[in-house]
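Trainee: Mind having a look at this structure? Questions to follow.
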């Protein structure tokens, strides 16, 4: 109740006749879909008022009469007779989308809001009805009861009594909450099952009488009487509260003025409004009753009734003087949110009088007005007749070959054979398609020919990603959400222009790796600062477990951070995932999905990864408590058998919460679904109160088992699986603004409360509760492309929360594998039920936003650099470990690196009818050997790492001519080398990287790709770039540079990584000599001139040619 709440209108209930006295209001009810207040009285006629300025309304009733009022001025709208005057007052009013239900003592009447009757029921079992309530079938069915031993169930659609329910109790008030809450005249409140109408729980609310009651969410509140001195009834000076979740009474809330009437606030879950007969109103928080907001209504006599609108923005009070008082804020007063228009009677237009005579032209006489379109009327539409023929690209026509009377050739037009094209929308579809960019080698050649004038601007100008409208509202999948594919030239994947798809400083992930469907989830986890900090801190420890997912996450997050927009791969992490024993059994691998969709696989992967993260953390730290505090919702599940009432508890903590939506079975399709907010869905999902069939040990048979959770703590990172599995769920998500960017959570006495929007702001202003605010980090989203393309996953992330300094506003980005672009907040939070629905959502506690921890670099465990597990004698070793503590690598340290690799999967190549070869999936390499050589000091050129790696995948080609690796090198049964796991070798290189060492080598880009590591440019010295002239377009091989500059022959028979590392180091020293002498440019010209003479292949010293093969492209 805001500070400006006051009485805005006061009217007297209309008398039943011209000279009759006013009659008191016997019941009141705000309409749930229109701005109406319905009332009933003790005469026989209902009325309704309206205002022409603001169509809001209230419905009232007189003795057998129902009257409705509309708007803040309470102007009468409709009034109709509900039952005969001899049958007493209107006892209660309910409304649904079809009309108004009025309860009399001996009958039930239903009418349209306009007043026309729908049906009227009188039944022999209706003797003294007092109350009614909707049942489990929503607003399509009611149960009526009273001072009689039978309750009747009425189908509102048919207007028939469908069931009679015997009862031992006589009810005077009914309210529909989680159960049907029914109050008896003796002060007892029974909780009735809304399906079977059996008594689930009884509660003695008051010692004598119950005067008023309300039920909503988890609470029942009552006001009543007690017998005092001299057997007089007196109002109890307190409000009684019952907790439905715990099935127990709460401490009464004092109300010295005498609690006469009470209502729960419809929007604030724990707030109740209590009113005394003298007009004193208290707004009380049931969880914190010490604070209340007090107002006083101006009444002459005493109040007889009180009701609050569904919006919570207005109240109606009735007094003994037959007056209705309307309270609210003058600026915000309305009865319902998103009210439907009120239908008013159409005024009759009077036709102008005409004088008819024999001279009157007949064409001046108008025709009758027709409400329906005449069958003879021609539709006002432009009809499509035919379509333009498809336009053929001149380049396509030039490839066709003539034969006889026709042309034939390869279909390169992007459509299937005999497929009909929608040429009307051809221009639109062509512009929306995302064409692959030119290869980098093509651009380099064109740039060289045009003296540096690149083609980028032309590409960007036609880039469909530059569109600014809300793409998610389109019926077709826009280009930026579509599948993106890598194209391969003869130079491999490095020739693909990833920069065309990403002009931001945030890196995307490649797609040609197995299980790359996880990219969207990995990107989202990377931008959760708490998870990123924990993963990096763990990666910096001494953990060397081969299947540690948390380490691999740390390595990946570090790579994405260092790349600053360059393309990355999650190769090692996804390989570790494939090696997890449980991953295949759970259907999380693309090679064996077990019939699951990508959406289901991703939600299963989310559960699996978080569980593995907790386990991996426990292995090093000895406890998982800190990680569970970050990720786990701590709860206890209570399990009850409905039949025997046996109960037991078990831990109910969970790392991922699946959303639980309101059941559509309880809402008939013809009724209007109540507005459901994300906060309500989240509350239901966390508390998880369900009923299902289960085994009861006490009953020794399957019974209905009720389960509910008591919440203890909410994690700092809240991960949610959306669990969307029906069209209703999709429509809910497509509601504009349904997913909030911030939510507030309160956990109090085992209960979970969630707030958003205006409710959250009000709670933060009050500051009465310990409310924790969470920020929406991002979503993994399922994109369903229809029949033309397979579904895939993207992520939508607000990167503003992961920046070192808060930018002050949301910065949403779309991560579609390697396509990354900035989008608006509306674009990010708009979902489309036909093709864009969220799969996984992440929230993080707001206090942790922008807290990026870099202290892990100072605590980096470097012991792996000084460990040697090689069991061979020292004289057989090809390396010498770093000496501790004299050799400590740092930012000034230069190390020379070279690697050798083998093929674990052959490329997939498609050949067309013209003989052209196109790579579908490239060859896949695995790291087989890594050598690191000291780059300075007294022992310059001496290796300190020369490791051979255990490879678990089947090796399809050892590439011995390139790598020098043979089968015996990698076979643990016969190998002369100590084979190390990839994790240990990678850890050494990752430690050197984060110590700031400079990596020197020749063609390091390929080495880094196979290792799956990203080294910043400032830490790379690549001799392939030092000895390169851009105008020549050709990069020189290591063997040729060694022959020309060092007068050495290397790679004579095969490659050797130590020899290559030392050679690159010597070339770097030569480069420094040339640069110091100022002769670098002439020397480069001489090198290329000499290379042209020998075709850039060094001859042998004995004059015989030798076949030399460069390292193959990736």
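In our numbering, the protein residues as written are 2 to 1115. Think of the CB as a built atom: it goes at the ideal place given N, C-alpha and C, for glycine as much as any other residue. Since the model is a prediction, treat every value here as computed from it, not as a measurement.
Does the separation of the CB atoms of residue 986 and residue 948 fall below 7 Å?
Mentor: Here residue 986 refers to the residue found at position 985 when the chain shown is read from its first residue. Here residue 948 refers to the residue found at position 947 when the chain shown is read from its first residue. Taking 7 Å as the Cβ cut-off, residue 986 and residue 948 qualify as a contacting pair.
Trainee: To the nearest angstrom, how far is it from the Cα of residue 577 to the Cα of residue 804?
Mentor: Stepping through the chain shown from its first residue, residue 577 is reached at position 576. Stepping through the chain shown from its first residue, residue 804 is reached at position 803. The alpha-carbon atoms of residue 577 and residue 804 are separated by roughly 29 Å.
Trainee: Buried or exposed: which applies to residue 406, given that a residue is buried once 16 or more other Cβ atoms fall within 10 Å of its Cβ?
Mentor: By 1-based counting over the chain shown, the position of residue 406 is 405. It is exposed - the Cβ of residue 406 has fewer than 16 other Cβ atoms within 10 Å.
Trainee: Report all residues from its chain with a CB closer than 6 Å to the CB of residue 1; omit the five preceding and five following residues, and keep chain order.
Mentor: The shown model of the chain, from 2 to 1115, leaves out residue 1, and the question about it has no answer.
Trainee: Suppose you measure from the CA of residue 927 to the CA of residue 474; what does that come to, to the nearest Å?
Mentor: Here residue 927 refers to the residue found at position 926 when the chain shown is read from its first residue. Here residue 474 refers to the residue found at position 473 when the chain shown is read from its first residue. Cα-Cα distance, rounded: 44 Å.
Trainee: Rounded C-beta distance between residue 239 and residue 221? I'm assuming under 8 Å.
Mentor: Translated into the one-based positions of the chain shown, residue 239 becomes position 238. Translated into the one-based positions of the chain shown, residue 221 becomes position 220. The pair is not a contact, with the Cβ atoms about 15 Å apart (cut-off 8 Å).
Trainee: Roughly how many angstroms lie between the CA atoms of residue 246 and residue 649, to the nearest whole one?
Mentor: As a position in the chain shown, residue 246 is number 245, starting the count at 1. As a position in the chain shown, residue 649 is number 648, starting the count at 1. So the two alpha carbons sit approximately 15 Å from each other.
Trainee: Within 10 Å of its beta-carbon, does residue 100 have 16 or more other beta-carbons around it, so buried, or fewer, so exposed?
Mentor: Numbered from 1 along the chain shown, position 99 holds the residue referred to as residue 100. Result: buried.
Trainee: For residue 495, name the three-state secondary structure that DSSP assigns.
Mentor: By 1-based counting over the chain shown, the position of residue 495 is 494. Residue state, collapsed to three classes: helix.
Trainee: Among 115, 36, 959, whose alpha-carbon lies nearest the alpha-carbon of residue 347?
Mentor: Within the chain shown, numbered from 1, the residue matching residue 347 stands at position 346. The shortest C-alpha separation from residue 347 is found at 115.
Trainee: Helix or strand or just coil, what does DSSP make of residue 333?
Mentor: As a first step, residue 333 is located in the chain shown; it is residue number 332 there, counting from the start. If DSSP states are grouped into helix, strand and coil, residue 333 belongs with coil.
Trainee: Give me the residue from 228, 1074, 1031 with the minimum Cα distance to residue 445.
Mentor: As a first step, residue 445 must be located in the chain shown, where it is residue number 444. Taking only the C-alpha atoms, the option nearest residue 445 is 1031.
Trainee: DSSP puts residue 814 in a beta bridge; with which residues?
Mentor: Translated into the one-based positions of the chain shown, residue 814 becomes position 813. Answer is 798, 823, bridged to residue 814.
Trainee: To the nearest angstrom, how far is it from the Cα of residue 131 to the Cα of residue 171?
Mentor: On the chain shown, position 130 is the one that residue 131 refers to. On the chain shown, position 170 is the one that residue 171 refers to. Taking the straight line joining both Cα atoms gives about 9 Å.
Trainee: Could you check the C-alpha separation between residue 443 and residue 619 for me, to the nearest Å?
Mentor: Here residue 443 refers to the residue found at position 442 when the chain shown is read from its first residue. Here residue 619 refers to the residue found at position 618 when the chain shown is read from its first residue. In a straight line, the C-alpha of residue 443 is about 51 Å away from that of residue 619.
Trainee: In the structure shown, what three-state DSSP assignment does residue 9 receive?
Mentor: As a working note, residue 9 is residue 8 in the chain shown. The answer is strand: DSSP assigns residue 9 an E or B state.
Trainee: Apart from the five residues on each side of it in sequence, which residues of its chain come closer than 7 Å, Cβ to Cβ, to residue 537?
Mentor: Counted from its first residue, the chain shown places residue 537 at position 536. So the qualifying residues of the chain are 555, 558, 559, 857.
Trainee: Using a 10 Å radius around the Cβ and a threshold of 16 neighbouring Cβ atoms, would you call residue 411 buried or exposed?
Mentor: Stepping through the chain shown from its first residue, residue 411 is reached at position 410. Classification for residue 411: exposed.
Trainee: Which stretch, first to last residue, makes up the beta strand (DSSP E) that contains residue 141?
Mentor: The count along the chain shown starts at 1 and reaches residue 141 at position 140. It spans 139–147 - the beta strand (DSSP E) in which residue 141 sits, taken as one unbroken run.
Trainee: In chain order, what residues of the same chain have a beta carbon less than 7 Å from the beta carbon of residue 945, not counting five sequence neighbours either side?
Mentor: For the purposes of this step, residue 945 is identified with residue 944 of the chain shown, where counting begins at 1. 880, 881, 882, 883, 933, 935, listed in sequence order.
Trainee: What ranges does the alpha helix (DSSP H) occupy inside the segment 512–575, keeping only unbroken runs of at least 4 residues that lie completely in it?
Mentor: As far as the segment 512–575 is concerned, its whole alpha helix (DSSP H) runs of at least 4 residues are 520–527, 530–540, 550–564.
Trainee: What does the alpha-carbon distance come out to for the pair residue 299 and residue 322?
Mentor: Start at 1 with the first residue of the chain shown, and residue 299 comes out as number 298. Start at 1 with the first residue of the chain shown, and residue 322 comes out as number 321. Between residue 299 and residue 322, the C-alpha separation is close to 12 Å.
Trainee: Please report the straight-line C-alpha distance between residue 499 and residue 814, rounded to a whole angstrom.
Mentor: By one-based count along the chain shown, residue 499 stands at place 498. By one-based count along the chain shown, residue 814 stands at place 813. Residue 499 and residue 814: Cα-Cα distance of roughly 17 Å.
Trainee: With H, G and I counted as helix, E and B as strand and the rest as coil, what does DSSP make of residue 167?
Mentor: Residue mapping note: residue 167 aligns to position 166 of the chain shown, counting from 1. Reduced to three states, the DSSP call for residue 167 is strand.
Trainee: Who are the Cβ neighbours of residue 739 in its own chain at under 7 Å, not counting the five residues just before and after it?
Mentor: One-based indexing of the chain shown puts residue 739 at position 738. Correct list, in chain order: 679, 733.
Trainee: Contact check, residue 522 vs residue 607 under 8 Å by CB: the rounded distance?
Mentor: Here residue 522 corresponds to residue number 521 of the chain shown, with the count starting at 1. Here residue 607 corresponds to residue number 606 of the chain shown, with the count starting at 1. Contact flag correct, Cβ pair sits at about 6 Å.
Trainee: Can you tell which of 254, 32, 918, 1071 has its C-alpha closest to the C-alpha of residue 490?
Mentor: Position 489 of the chain shown, counted from the start, is the residue given in the question as residue 490. Measuring from the Cα of residue 490, the nearest candidate turns out to be 918.
Trainee: Within the continuous alpha helix (DSSP H) that includes residue 1084, where are the two ends?
Mentor: Along the chain shown, read from residue 1 onward, the residue named residue 1084 stands at position 1083. From DSSP, the alpha helix (DSSP H) with residue 1084 extends over 1081–1094.
Trainee: Please check the pair residue 567 and residue 508, which I expect to be a contact at CB under 8 Å, by giving their CB distance rounded to whole angstroms.
Mentor: Locating residue 567 in the chain shown gives position 566, where the first residue counts as 1. Locating residue 508 in the chain shown gives position 507, where the first residue counts as 1. Rounded, the Cβ-Cβ distance is 6 Å, consistent with contact.
Trainee: Assign residue 19 to buried or exposed, taking buried as 16 or more other Cβ atoms, counted over all protein chains shown, within 10 Å of its Cβ.
Mentor: Counted from its first residue, the chain shown places residue 19 at position 18. That one is exposed.
Trainee: Any contact between the segment 859–877 and the segment 762–778? By contact I mean 3 or more CB pairs, one from each, below 8 Å.
Mentor: No: the two stretches stay apart, fewer than three of their Cβ pairs being nearer than 8 Å.
Trainee: Which same chain residues end up closer than 6 Å to residue 833 when comparing Cβ atoms and leaving out the 5 residues on each side of it in sequence?
Mentor: Taking the first residue of the chain shown as 1, we reach residue 833 at position 832. Taken in chain order, the residues that qualify are 473.
Trainee: Looking at residue 1036 and residue 1025, is the spacing between their C-beta atoms short of 7 Å?
Mentor: Walking along the chain shown from the start, residue 1025 turns up at place 1024. Walking along the chain shown from the start, residue 1036 turns up at place 1035. In this structure, residue 1036 lies closer than 7 Å to residue 1025 by Cβ.
Trainee: Going by beta-carbon coordinates alone, are residue 195 and residue 137 separated by less than 7 Å?
Mentor: In the chain shown, the residue the question calls residue 195 occupies position 194. In the chain shown, the residue the question calls residue 137 occupies position 136. Yes; because the gap between Cβ atoms is below 7 Å, this pair is in contact.
Trainee: Flag this pair as touching only if the segment 75–86 and the segment 109–123 have three or more C-beta atom pairs under 8 Å; answer yes or no.
Mentor: These segments touch.
Trainee: By a C-beta neighbour count over all protein chains shown, 10 Å radius and 16 as the cutoff for buried, is residue 839 buried or exposed?
Mentor: In the chain shown, counting from the first residue as 1, residue 839 sits at position 838. When all chains shown are included, residue 839 counts as buried.
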